[in-house]
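Just remember that the numbering used here sits 28 ahead of the position in the sequence shown, which is counted from 1.
Heads up: the structure comes next, in structure tokens.
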Amino acid sequence: MEDIEMLLKAELLHHVGKIPKKGVENWLENVKMMIREAQNVENKVGNGGYLCRACNGKLVDKMTRGMQKFLDKAPNLCQSLVIDGPSGGLPLLTSELVGEEAVREEIWLCLMQEQVSKIGVWGMGGVGKTTIMKHIHNDLLKEQQFERVIWVTISKEFDIVKLQDDIASALNGYMPKEGNKVRRAAILSELLKKVGKHVIILDDVWDNVSLEEVGIPEPSSSNGCKLVLTTRVEQVCKYMECKVIKVKPLSKEEALTLFLNKVGPNILQSPTLMPTLRLVVKECAGLPLTIVVIAGTLKGEDDPRIWKNALKDLKERIGKVEGVEAEVTERLKFSFNHLKDEKMKHCFLHCALYPEDYSIWKDELIESWIDEGFIDEMDTRQEMKDKGHAILKKLEDNSLLENVSYSDHKVKMHDAVRDMALSITSMNPRYMIQAGFQLKKLPKEEEWTVDIEKVSLMDNSISEISIDIVPLKCQRLTTLLLQDNPVKKISDSFFANMPCLSVLNLSSPKIKCLPKSISELKNLTALLLCGCEEL
């Protein structure tokens, strides 16, 4: 598998505009999934999860045969692993636009004007900035007036290296990991110049971005390139000298149309509900995200008492807080609180443990729910997985999770929905989430409070884990996620004071040995060591 991945990267590096053959990509994904399953079984067997020795043998034999079939279908290394990519890029999955045609047209006209090179699309969270720009992205691909249309999501924890890698990836190029910032910027700049006339869309920008440091050539009328960014912060648009376009909330009529589209046709047949329904829509404040989420929560409900209670709940929530962002969070909490099952609520909150804008494998997410005990024990693991898919479908139907544009096998959280989840986990149950924060060390001692139940430090740059930082008070900690860190060394006594720890993910290709204190974790039910090839 490693040989094929290396050859694939080499071909992409030398042939900008190429993409992996579908069969190659699918084969690599399937092998990685089988490796994860095999390591999960190995951990279960090692921890006594399967007590019958004969069962162990049959299970391992079955998995070995399955993996051999996949290996037999490996791509031929004598042939090219890549093909020509689409001329402009791949279209993004979009939802219907209601009442946002005017601002969409304004952005489009600016893109077509030579004198406008940089556009800043700003507005509050949930107002529809990303949805509008996805439609424009796809329109640009159809019109073919630009050689490439590049979409990159930035998010709060801005990482210049990740941004460079994402742009290079969108070009089907390859950015070498080594090298200083100046050299990487120069390489990316050359890649973009080779592409020619292009549009770069930076979604969810929270702070000023230096185009020079990233390696993005300054857009101008002479090179015909354009930059569009979406942001909640107007000052970002001004700093980056953008033509500023504000996305405003929907009008009453537009908001009602969108709500009725989402809530279901049976509601239209119940005229007695309409007065209350209109008041519920009013509480959504014209924000498409809250309209869609609340409509999904009330979909199919035809009992007037439920609608009146929903209206009362929304009014009380919004009345308790001050500030636009806080009001958005409270409106979204309404949908969370109306999840009928407590374990389903835990499943939703678990998704916030991943970094912002992270694409989560559905199968991996469901496996983690099972490990956490959020899904009740059943006769077979497959039945538990089926239950997990049913929960996932419910969360998607309520618009609390959304499918990833390029894959049916992944989901993600809208950033405003994740903000809502983080506001819940900052209190009860108490989580510490610093995933994707570019950390090089563990958080400071004062951040490890006595009431913390779950900690996610995944996707950082932590290489050493020392006992000096973590206090002797992790008595309630049940989950610790440290995967995707270059961890080489863990203090032997690090886990000595974590009596309740049940889920531990140490998946890292760098780790060479496990600390002795792991043997003291009497309640450990899941130890994940995917990709730990040096153990």
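No residue lacks a Cβ here, since even glycine has one placed at the ideal position from N, Cα and C.
For the stretch 152-217, list the alpha helix (DSSP H) runs that are entirely contained and at least 4 residues long, ordered along the chain.
157-171 and 188-198
Could you say which of 217, 256 and 250 lies nearest to residue 230 if we only look at CA atoms?
Cα-wise, what sits closest to residue 230 is 256.
Counting only the same chain and skipping the five closest in sequence on each side, list residues whose C-beta sits under 6 Å from that of residue 81.
Residue placement at residue 81 is poorly supported in this model, since its pLDDT is 46, which falls under 50; the coordinates are not used for a value here.
Residue 323: buried (16+ other C-beta within 10 angstroms of its C-beta) or exposed?
buried
By DSSP, does residue 459 sit in helix, in strand, or in coil?
strand
Which of the three DSSP states, helix, strand or coil, is assigned to residue 283?
helix
Starting from residue 431, follow the beta strand (DSSP E) in both directions and report where the run begins and ends.
Where residue 431 is concerned, the enclosing beta strand (DSSP E) stretches over 430-432.
Among residues of its own chain, excluding the 5 on either side of residue 217, which ones have a beta-carbon nearer than 7 Å to its beta-carbon?
243 and 245
Report buried or exposed for residue 560, applying the criterion of at least 16 other Cβ atoms within 10 angstroms of its Cβ.
buried
Could you check the C-alpha separation between residue 343 and residue 548 for me, to the nearest Å?
50 Å
Taking the alpha carbon of residue 444 as the point to measure from, which residue in 364, 404 and 492 has its own alpha carbon closest?
364
Per DSSP, cross-strand counterpart(s) of residue 493:
518.
Measure the C-alpha to C-alpha separation of residue 251 and residue 310 and round it to an integer number of angstroms.
46 Å
At least three beta-carbon pairs within less than 8 Å, the stretch 385-400 to the stretch 351-368:
no
What three-state label does DSSP hand residue 484 in the structure shown?
strand
What are the boundary residues of the alpha helix (DSSP H) that residue 347 is part of?
332-347
With a CB to CB cut of under 8 Å and the five nearest residues on each side skipped, what residues in its chain are close to residue 398?
409, 412, 413 and 416
Helix, strand or coil: which one does DSSP assign to residue 323?
helix
Tell me where the beta strand (DSSP E) around residue 354 begins and ends.
No beta strand (DSSP E) holds residue 354; the alpha helix (DSSP H) holding it covers 352-365.
Those runs of the alpha helix (DSSP H) which lie wholly inside the stretch 225-289 and span at least 4 residues
239-242 and 262-267
Status (buried if at least 16 other CB within 10 Å, exposed otherwise) for residue 297:
exposed
Residues near residue 481 in its chain [Cβ-Cβ closer than 8 Å; skip 5 each side]
Only 457, 458, 459, 504, 505, 506 and 507 meet the Cβ criterion.
Based on the DSSP secondary-structure assignment, which residues constitute the bridge partners of residue 440?
430
So for residue 498, helix, strand or coil by DSSP?
The answer is coil: DSSP assigns residue 498 none of H, G, I, E or B.
Taking buried to mean at least 16 other C-beta atoms within 10 Å of its own C-beta, is residue 117 buried or exposed?
It counts as buried.
Could you have a look at residue 126 and say whether DSSP puts it in helix, strand or coil?
coil
Hey, how far is the Cα of residue 261 from the Cα of residue 486?
28 Å
Residue of 306, 299, 314 and 201 minimising C-alpha distance to residue 279:
314
State whether the stretch 320-337 contacts the stretch 351-364, with contact taken as three or more CB pairs (one from each stretch) at a distance under 8 Å.
yes
The alpha helix (DSSP H) spanning residue 371 covers which residue range?
370-378
In this structure, how does DSSP classify residue 105 when only helix, strand and coil are distinguished?
The pLDDT assigned to residue 105 is 49, lower than 50, so where the model puts this residue is not dependable, and the model offers no usable value.
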